[in-house]
Amino acid sequence: MNLKTQLSKIKPEHWIIIGCLMLASLFIFDHLGARTMWVDEAGVANTAELPFNQAYLMAFQDGHLIAHVYFTKILSLILGTSEIAYRSFSILFALALIILLYKTAKLIFADKKTALSAAILGSTNYFLIWFASQIRPYTLAAFSGLLSFYFFIKLTQTASKKYYIAYALVTLIGLYTHPWLFLVLASQILTTLFFSKQIKNYFKILFSAGAALVLALPYVAVMLYQGQLGTTAWLGKPENLAILKSFRYLSYGENYVYLILILIAIFFIISNHSEFKNHFSKNKIALTALSLYLFFPLIAAFIISQFKPAYLLGRYEMIVLPAFILIAAYLWSQIKNNYLALLFIPLLVFFAAKNVVINSNFVNSQAANDKTVTAYVLANINQDDTVIATDLSWHTFYYYQKKLNHDKKFNLITYPDEIKNHPCWKNTEQMLNHQEQYQTEAKNLIASLANKSATIWVLYKVGNPINEILLQELNENFMLAGAYTPPPPKQPMWLDIVLVYKTK
Numbered sequence: 001m002n003l004k005t006q007l008s009k010i011k012p013e014h015w016i017i018i019g020c021l022m023l024a025s026l027f028i029f030d031h032l033g034a035r036t037m038w039v040d041e042a043g044v045a046n047t048a049e050l051p052f053n054q055a056y057l058m059a060f061q062d063g064h065l066i067a068h069v070y071f072t073k074i075l076s077l078i079l080g081t082s083e084i085a086y087r088s089f090s091i092l093f094a095l096a097l098i099i100l101l102y103k104t105a106k107l108i109f110a111d112k113k114t115a116l117s118a119a120i121l122g123s124t125n126y127f128l129i130w131f132a133s134q135i136r137p138y139t140l141a142a143f144s145g146l147l148s149f150y151f152f153i154k155l156t157q158t159a160s161k162k163y164y165i166a167y168a169l170v171t172l173i174g175l176y177t178h179p180w181l182f183l184v185l186a187s188q189i190l191t192t193l194f195f196s197k198q199i200k201n202y203f204k205i206l207f208s209a210g211a212a213l214v215l216a217l218p219y220v221a222v223m224l225y226q227g228q229l230g231t232t233a234w235l236g237k238p239e240n241l242a243i244l245k246s247f248r249y250l251s252y253g254e255n256y257v258y259l260i261l262i263l264i265a266i267f268f269i270i271s272n273h274s275e276f277k278n279h280f281s282k283n284k285i286a287l288t289a290l291s292l293y294l295f296f297p298l299i300a301a302f303i304i305s306q307f308k309p310a311y312l313l314g315r316y317e318m319i320v321l322p323a324f325i326l327i328a329a330y331l332w333s334q335i336k337n338n339y340l341a342l343l344f345i346p347l348l349v350f351f352a353a354k355n356v357v358i359n360s361n362f363v364n365s366q367a368a369n370d371k372t373v374t375a376y377v378l379a380n381i382n383q384d385d386t387v388i389a390t391d392l393s394w395h396t397f398y399y400y401q402k403k404l405n406h407d408k409k410f411n412l413i414t415y416p417d418e419i420k421n422h423p424c425w426k427n428t429e430q431m432l433n434h435q436e437q438y439q440t441e442a443k444n445l446i447a448s449l450a451n452k453s454a455t456i457w458v459l460y461k462v463g464n465p466i467n468e469i470l471l472q473e474l475n476e477n478f479m480l481a482g483a484y485t486p487p488p489p490k491q492p493m494w495l496d497i498v499l500v501y502k503t504k
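If you're matching positions, the sequence shown starts at 1 in UniProt numbering and goes up one per residue.
So, in structure tokens, the structure goes:
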């Protein structure tokens with residue numbers, strides 16, 4: 001069988017899916033190597049390069065999601081430890097998510113048009129594109145949540161042993177990837193309880209969900225302990241309009257396109273309300289589950305966050321992005337005028353491309369970033385000098401100094417010393433209650449450096465009162481020999497200036 005014959009057997013809708021994957025890849029790869037790592041990305045990369053037992057301990061203390069760190073580590077053993085290699089993990093699950101959106105929409109709505117709409121919306125969603133180019137767990141978590149939802153819907157339609165096992169296993173993996181997946185699971189349990197009379201195998205579904213939940217209890221203990229450490233203390237309470245703002249992130253850069261699409265869809269639904277009512281009655285379990293998938297985690301997390309940090313605007317919404325896209329795809333399919341419906345395709349592509357270009361231009365305009373600062377220090381540092389990383393500047397400096405070719409040996413330490421155990425987060429408010437401890441630590445650090453290092457390089461973050469304690473000791477004991485201020489415009493960094501001190 002020749003290639004032409006094989007290609008002719010590919011269904012038209014599959015060509016559209018391939019086109020969606022190529023379009024999404026084009027957008028993502030434009031971002032991939034453009035931006036340097038920020039602290040959370042470098043944190044995952046540095047942790048993944050540790051031996052397995054040490055990686056667990058660092059992830060535990062630094063607030064990383066352990067499953068994501070291990071998945072990233074395994075992939076890095078195959079692809080390497082470059083920025084692109086690490087970020088390819090997120091790309092993989094972003095593209096898989098687009099395919100799964102198509103399959104899930106087809107399962108729920110049994111409609112090719114809605115399924116293709118979901119794939120198109122996924123491939124042009126800038127929120128997904130953004131996180132697909134970062135070493136973060138969000139595309140993995142979004143994919144895990146949607147796959148759990150997919151098997152949940154399968155079980156409400158078909159009581160098959162293989163689906164019970166798949167549902168429990170996928171749900172368990174999801175629970176280890178992000179805390180909001182517990183809320184997604186709760187939405188599925190609520191749906192099962194609501195429709196227990198219609199779902200004949202409801203008890204088996206609840207048992208499978210319960211089994212996954214029980215097996216995830218060790219991770220619950222980890223999250224509780226991380227909370228006690230303060231890994232999420234910096235989150236604080238979300239603002240009152242957080243949920244509304246979450247929808248702006250879900251449709252980032254395309255808010256008006258989505259709004260117009262929804263309004264037009266509502267008009268057609270009202271015009272054909274009997275058809276919509278009939279369709280809803282046939283699919284009420286799936287549509288209710290889908291609605292809870294979107295709204296329950298947002299509302300529940302907002303309520304929980306009034307007592308404990310649980311809502312991070314602009315990030316955690318990725319967990320419910322699949323539900324948002326599926327609902328938007330369903331509404332899009334309700335626009336019965338085909339010409340009007342098709343008009344949204346070029347609009348979505350245009351605004352997605354616009355967002356990508358805007359970000360690319362912004363990145364290319366930046367004169368300085370963590371990588372250029374690290375390169376500057378390495379170009380000027382001497383053998384046996386000392387670098388002190390203040391605030392949260394350690395992770396990015398440590399990652400890039402490993403990747404930039406140099407043969408210089410120098411001392412790299414953190415201030416405060418405890419930051420080396422959790423370089424991705426800090427609790428300044430709590431630190432301020434122990435200022436005497438950090439004053440003593442600063443004095444001891446200065447004393448230890450007086451006869452050891454001729455030059456001290458300080459990656460200094462302005463505005464942190466804890467850093468000012470160290471700065472005062474440095475100024476009193478050593479001579480300020482120079483300073484390097486990264487030129488503007490610059491990417492956001494956890495340092496503002498590199499201070500150079502001479503001890504002799």
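Ideal Cβ placement from N, Cα and C applies to all residues, glycine included.
- Annotation: the continuous alpha helix (DSSP H) that includes W15 extends over P12 to L32.
- Within the region 289-345, the alpha helix (DSSP H) runs of at least 4 residues that lie entirely inside it are, in chain order, 321-333.
- Residue K452 holds the alpha-carbon nearest to the alpha-carbon of Q383 among K420, K452 and A447.
- It is roughly 29 Å from the alpha-carbon of A454 to the alpha-carbon of C424.
- By the Cβ rule, the region 204-220 counts as touching the region 176-192, because three or more pairs are nearer than 8 Å.
- Looking at the DSSP output, V458 bridges to I388 and L499.
- When Q401, Y376 and K409 are compared, the shortest CA-CA separation from L499 is found for Y376.
- Spatial neighbours of I325 in its own chain (CB-CB distance under 7 Å, excluding positions within 5 residues in sequence) are listed in chain order as L101, A118, L121, G122 and N125.
- Sequence-distant partners of A368 (beyond 5 residues in either direction) whose C-beta falls short of 6 Å from its own C-beta, in its chain, are P486, P487 and K490.
- Counting along the chain, no beta strand (DSSP E) covers I66; the unbroken alpha helix (DSSP H) around it starts and ends at I66 to L79.
- Here G145 is buried. Its C-beta has 16 or more other C-beta atoms within 10 Å.
- For L480, the enclosing beta strand (DSSP E) starts and ends at M479 to Y484.
- Membership of Y150 in any beta strand (DSSP E) is not indicated; the residue belongs instead to the alpha helix (DSSP H) covering Y138 to Q157.
- Excluding five sequence positions before and after N380, none of the CB atoms of its chain fall closer than 6 Å to its own CB.
- By alpha-carbon distance to K237, the top candidate from L312, K284, K103 and F182 is L312.
- Annotation for T414: the continuous beta strand (DSSP E) segment containing it runs N411 to Y415.
- Within the same chain, and ignoring the five residues on either side of Y258 in sequence, the residues whose Cβ sits closer than 6 Å to its Cβ are S251.
- A110 sits in coil when the DSSP states are folded into three classes, being neither helix nor strand.
- Per the C-alpha coordinates, the member of Q430, L340 and V373 positioned closest to I264 is L340.
- Rounded to the nearest whole angstrom, the CA to CA distance from W494 to L348 is 35 Å.
- Y376: member of the alpha helix (DSSP H) spanning D370 to N380, first to last residue.
- Just measuring C-alpha positions, the residue of F143, I78 and Y70 sitting nearest A94 is F143.
- The beta carbon of G174 is closer than 8 Å to those of A141, S144, G145, L147, S148, L181, V184 and L185 in its chain, skipping five residues each way along the sequence.
- K200 sits in coil when the DSSP states are folded into three classes, being neither helix nor strand.
- The count of Cβ pairs closer than 8 Å, one atom from the region 22-42 and one from the region 389-398, reaches three, so the stretches are in contact.
- Cβ-Cβ separation between I446 and N427: approximately 24 Å, too far for a contact (criterion under 8 Å).
- Non-local beta-carbon contacts of A328 in its own chain, meaning distances under 6 Å to residues more than five positions away in sequence, involve L121 in chain order.
- Of A353, Q435, A216 and M479, the smallest CA-CA separation from D30 is found for A353.
- A residue is called buried when at least 16 other Cβ atoms come within 10 angstroms of its Cβ; I28 meets this threshold and is buried.
- Around the beta-carbon of T386, 16 or more other beta-carbon atoms lie within 10 Å, marking it buried.
- Only buried fits I108, as 16 or more other CB atoms lie within 10 angstroms of its CB.
- K490 carries a strand assignment under DSSP once its states are collapsed to helix, strand and coil.
- When the five nearest sequence neighbours on each side are left out, the beta carbons in the same chain lying within less than 7 Å of the beta carbon of L292 are those of S187, L190 and T191, in order along the chain.
- Look at the beta carbons and you see the region 465-484 touching the region 430-445: at least three pairs across the two are nearer than 8 Å.
- DSSP places K237 outside both helix and strand once states are collapsed to three, so it counts as coil.
- Relative to T177, the option among K200, P137 and F151 whose CA is nearest is P137.
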